[in-house]
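Chemist:
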Amino acid sequence: MKKKKQRPPKRKKDHKKVSMDKTSQTFRSNIPEFESFLDEMIRWFSDHQEQVDQSFSRSDANRNGSVNLKDFELGLMDLGVPCQQFQLHMLTQLLKTADNMISYQNLSGQVQRSKLRDAVELETQISEEDFMKRRGAAVTEDISCLEQSVHRHLRLLNSEKDRFIRLSVRQIPFDFAAAHPGNFEVVLLSSSKVYSLIRLIQDRVGIQSSRLEVFRSRTPTEEVRLPPASSLEECGFKGGAEETPAEAAVFYDYRLPFTDCPVLNCDHYFRAKPDSAGLQIT
Numbered sequence: 001m002k003k004k005k006q007r008p009p010k011r012k013k014d015h016k017k018v019s020m021d022k023t024s025q026t027f028r029s030n031i032p033e034f035e036s037f038l039d040e041m042i043r044w045f046s047d048h049q050e051q052v053d054q055s056f057s058r059s060d061a062n063r064n065g066s067v068n069l070k071d072f073e074l075g076l077m078d079l080g081v082p083c084q085q086f087q088l089h090m091l092t093q094l095l096k097t098a099d100n101m102i103s104y105q106n107l108s109g110q111v112q113r114s115k116l117r118d119a120v121e122l123e124t125q126i127s128e129e130d131f132m133k134r135r136g137a138a139v140t141e142d143i144s145c146l147e148q149s150v151h152r153h154l155r156l157l158n159s160e161k162d163r164f165i166r167l168s169v170r171q172i173p174f175d176f177a178a179a180h181p182g183n184f185e186v187v188l189l190s191s192s193k194v195y196s197l198i199r200l201i202q203d204r205v206g207i208q209s210s211r212l213e214v215f216r217s218r219t220p221t222e223e224v225r226l227p228p229a230s231s232l233e234e235c236g237f238k239g240g241a242e243e244t245p246a247e248a249a250v251f252y253d254y255r256l257p258f259t260d261c262p263v264l265n266c267d268h269y270f271r272a273k274p275d276s277a278g279l280q281i282t
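If you want it as structure tokens, here you go:
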């Protein structure tokens, strides 16, 4: 009697990994949601770095500040990291090194740098696409400028040339307050655009107004306003090494637009004269 051929077992793990990678890729392509997730991770790591160090030091046999990918994911799950499985997988892929290890030191800074590099890559991609369109239209005058822009952004992707700035971000009306939620510190690349800083302030402080402006001094004049399209370096802020970032301060303020309101838009009630009949003495 012939034995039945045994079928090879289904590779469930491979299928699960492919599905996880696909889900992560879809999530990462949603830029606003992806950046919001990274911001949440930056805050969480900043608040829990001490617990992270204590947890991962147990599995760090070489005491070099790094763990493998599996220990990294399991350790964060034990600490209650606020993310789903596919988000944790994506975060692991984002932070891993060439030897498939992850440094668990200063994780908030690592995520912040990854976010900034993604922004630079996106800006570079847009510049390259714009360059190709213009070249097809034979606009030769703009080609050299676009090439310089592309090369400049490509140079920014070289991590060895990254320059960092520790910014003290101050809300002008509360600049002298010892502790105010509108005042905080953040480390950014000197190549970061001012509009990225504006968006960071809006997300961090919870400001809904689009009329937010950043200034070099606490006196908000046009001369010291930072143009949103310029980089911090172009605005005169020189960066330093990652270990010793240059320190600087910026100040911001915003305006809330008034909506149509009969009371706000009409001074009738404030100008109306008292009824003369009511003042007559009987």
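Residue numbers (UniProt numbering): 1 to 282. From the three backbone atoms N, C-alpha and C, an ideal C-beta is built for every residue, glycine too. No experiment lies behind these values; they were computed from the predicted model shown.
What's the gap between the Cα of V81 and the Cα of R117?
Modeler: Residue mapping note: residue 81 aligns to position 81 of the sequence shown, counting from 1. Residue mapping note: residue 117 aligns to position 117 of the sequence shown, counting from 1. Cα-Cα distance, rounded: 23 Å.
Chemist: From T97, E33, V214, I165, pick the residue whose C-alpha is nearest to that of Y195; which is it?
Modeler: Sequence index remark: in the sequence shown, residue 195 carries index 195 (1-based). For Y195, the nearest C-alpha among the options comes from V214.
Chemist: Are L76 and K96 closer than 8 Å when you measure CB to CB?
Modeler: Counting from one through the sequence shown, the residue named residue 76 turns up at place 76. Counting from one through the sequence shown, the residue named residue 96 turns up at place 96. Cβ atoms of L76 and K96: not closer than 8 Å.
Chemist: Go to E33, then tell me how far its alpha helix (DSSP H) extends in each direction, as first and last residue.
Modeler: By one-based count along the sequence shown, residue 33 stands at place 33. 31-57 is the span of the alpha helix (DSSP H), which, as asked, contains E33.
Chemist: Go ahead and pull the three-state DSSP assignment for S168.
Modeler: Within the sequence shown, residue 168 is the residue found at index 168, counting from 1. Residue state, collapsed to three classes: strand.
Chemist: With contact counted as at least three CB pairs below 8 Å, one residue from each stretch, are the region 28-41 and the region 57-64 in contact?
Modeler: Because the criterion of three Cβ pairs below 8 Å is not met, the region 28-41 and the region 57-64 do not touch.
Chemist: To the nearest angstrom, report how far apart A178 and L167 are at their CA atoms.
Modeler: Walking along the sequence shown from the start, residue 178 turns up at place 178. Walking along the sequence shown from the start, residue 167 turns up at place 167. Between A178 and L167, the C-alpha separation is close to 17 Å.
Chemist: Going by beta-carbon coordinates alone, are I198 and P228 separated by less than 8 Å?
Modeler: As a first step, residue 198 is located in the sequence shown; it is residue number 198 there, counting from the start. As a first step, residue 228 is located in the sequence shown; it is residue number 228 there, counting from the start. In this structure, P228 lies closer than 8 Å to I198 by Cβ.
Chemist: Look at the alpha carbon of Q202 and the alpha carbon of D99, and state the distance between them as a whole number of angstroms.
Modeler: Here residue 202 refers to the residue found at position 202 when the sequence shown is read from its first residue. Here residue 99 refers to the residue found at position 99 when the sequence shown is read from its first residue. Rounded to the nearest angstrom, the two C-alpha atoms are 37 Å apart.
Chemist: If you run the structure through DSSP and keep just helix, strand and coil, what is I207?
Modeler: By one-based count along the sequence shown, residue 207 stands at place 207. Three-state result, I207: coil.
Chemist: Do you know whose CA, among T244, S24, K238, P181, lies nearest R204's CA?
Modeler: Translated into the one-based positions of the sequence shown, residue 204 becomes position 204. Per the Cα distances, P181.
Chemist: Give the DSSP bridge partners of A61, in chain order.
Modeler: Counted from its first residue, the sequence shown places residue 61 at position 61. Paired residue(s): none; A61 is not in a bridge.
Chemist: Give me the Cα-Cα distance between I102 and F72, rounded to the nearest whole angstrom.
Modeler: As a first step, residue 102 must be located in the sequence shown, where it is residue number 102. As a first step, residue 72 must be located in the sequence shown, where it is residue number 72. C-alpha separation (whole angstroms): 7 Å.
Chemist: Apart from the five residues just before and just after F164, which ones in its own chain have a Cβ nearer than 8 Å to its Cβ?
Modeler: Counted from its first residue, the sequence shown places residue 164 at position 164. So the qualifying residues of the chain are V187, L188, L189, S190, G239, G240, A241, E242, P245, A246.
Chemist: Distance check for D162 and V52, CA to CA, integer angstroms please.
Modeler: Residue mapping note: residue 52 aligns to position 52 of the sequence shown, counting from 1. Residue mapping note: residue 162 aligns to position 162 of the sequence shown, counting from 1. Those two C-alpha atoms are separated by around 26 Å.
Chemist: What would DSSP say about D21, mapped onto helix, strand or coil?
Modeler: Residue numbering aside, residue 21 sits at position 21 when the sequence shown is read from its first letter. In this structure, D21 counts as helix in the three-state DSSP scheme.
Chemist: With DSSP as the reference, please indicate the residues paired to I201 in a beta bridge.
Modeler: On the sequence shown, position 201 is the one that residue 201 refers to. For I201, which the question treats as bridged, DSSP gives no partner whatsoever.
Chemist: Name the two residues that bound the continuous beta strand (DSSP E) containing E243.
Modeler: Locating residue 243 in the sequence shown gives position 243, where the first residue counts as 1. No beta strand (DSSP E) holds E243; DSSP gives it neither H nor E.
Chemist: What separation, rounded to the nearest whole angstrom, lies between the Cα atoms of K22 and E185?
Modeler: What you label residue 22 is simply residue 22 of the sequence shown in a count that begins at 1. What you label residue 185 is simply residue 185 of the sequence shown in a count that begins at 1. If I take the Cα positions, the gap works out to 36 Å.
Chemist: How would you label residue 309, buried or exposed, when you count the other beta carbons within 10 angstroms and need 16 or more for buried?
Modeler: The shown model of the chain, from 1 to 282, leaves out residue 309, and the question about it has no answer.
Chemist: What number of angstroms, rounded off, separates the C-alpha of F174 from the C-alpha of H48?
Modeler: For the purposes of this step, residue 174 is identified with residue 174 of the sequence shown, where counting begins at 1. For the purposes of this step, residue 48 is identified with residue 48 of the sequence shown, where counting begins at 1. Looking at the two C-alpha atoms, the distance is approximately 28 Å.
Chemist: For A177, list the residues DSSP reports as bridge partners.
Modeler: Your numbering for residue 177 matches position 177 in the sequence shown. DSSP output for A177 lists no bridge partner at all.
Chemist: Tell me the DSSP secondary structure of V81 in three-state form.
Modeler: Here residue 81 is taken as the residue at index 81 of the sequence shown, counted from 1. Here V81 sits in coil by DSSP.
Chemist: With which residues is K193 paired in a DSSP beta bridge?
Modeler: For the purposes of this step, residue 193 is taken as residue 193 along the sequence shown, with counting starting at 1. Its beta-bridge partners are S231.
Chemist: Less than 8 Å between C-beta atoms, sequence neighbours within five positions excluded: which residues of the same chain meet that for Q87?
Modeler: One-based indexing of the sequence shown puts residue 87 at position 87. Hits under 8 Å: S24, F27, F37.
Chemist: Ignore the nearest five residues each way along the sequence and tell me which others in P220's own chain have a CB closer than 8 Å to its CB.
Modeler: Position 220 of the sequence shown, counted from the start, is the residue given in the question as residue 220. Excluding sequence neighbours, P220 sits near I172, E213, F251, D253.
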